[in-house]
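Each remark here refers to the structure printed beneath this line.
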């Protein structure tokens with residue numbers, strides 16, 4: 011599905027990496043789901059405080075972890091936020107952060123579905 015928030019191939023590769031252990035995969039997904047809201051909170055606070063270094067770190071972590079689950083669009087959004095923060099340009103990033111948070115909500119729903127599915131789809 012073209013608008014799917016999760017790349018099926020990347021997710022299947024992750025499942026293969028964990029030896030097909032769906033229970034462990036579900037734990038990884040739960041850790042991502044538990045950590046991401048606080049990372050978005052850190053990112054929002056850093057942008058509001060004009061703290062480019064903290065914004066870059068939070069965006070980098072979100073970028074990397076999202077990519078590992080196949081959330082390519084979200085990862086790309088976070089990559090752009092990270093690059094802007096690395097350049098010290100936080101102007102307008104609050105809107106970018108909210109767009110990324112909206113995409114994260116889509117990712118979270120799809121990850122829960124995929125982690126609990128009997129087959130990788």
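In my numbering, the protein residues as written are 11 to 131.
Here a beta-carbon is modelled for each residue, glycine too, at the ideal position from N, C-alpha and C.
Item                                                                                                                                     : Value
Report the three-state DSSP secondary structure of residue 133 (helix, strand or coil).                                                  : Nothing can be reported for residue 133, as the shown portion of the chain is limited to 11 through 131.
Can you give the Cα-Cα distance for residue 131 and residue 74, rounded to whole angstroms?                                              : Because the pLDDT of residue 131 is 49, which lies under 50, any placement of that residue in the model is unreliable, and the number read from its coordinates should be weighed accordingly. Approximately 22 Å between the Cα atoms of the pair.
By DSSP, does residue 127 sit in helix, in strand, or in coil?                                                                           : coil
With a CB to CB cut of under 6 Å and the five nearest residues on each side skipped, what residues in its chain are close to residue 80? : 16, 17, 20 and 21
Using DSSP with H/G/I as helix, E/B as strand and the rest coil, what is residue 28?                                                     : coil
For residue 96, does the three-state DSSP call read helix, strand or coil?                                                               : helix
What's the gap between the Cα of residue 38 and the Cα of residue 125?                                                                   : 9 Å
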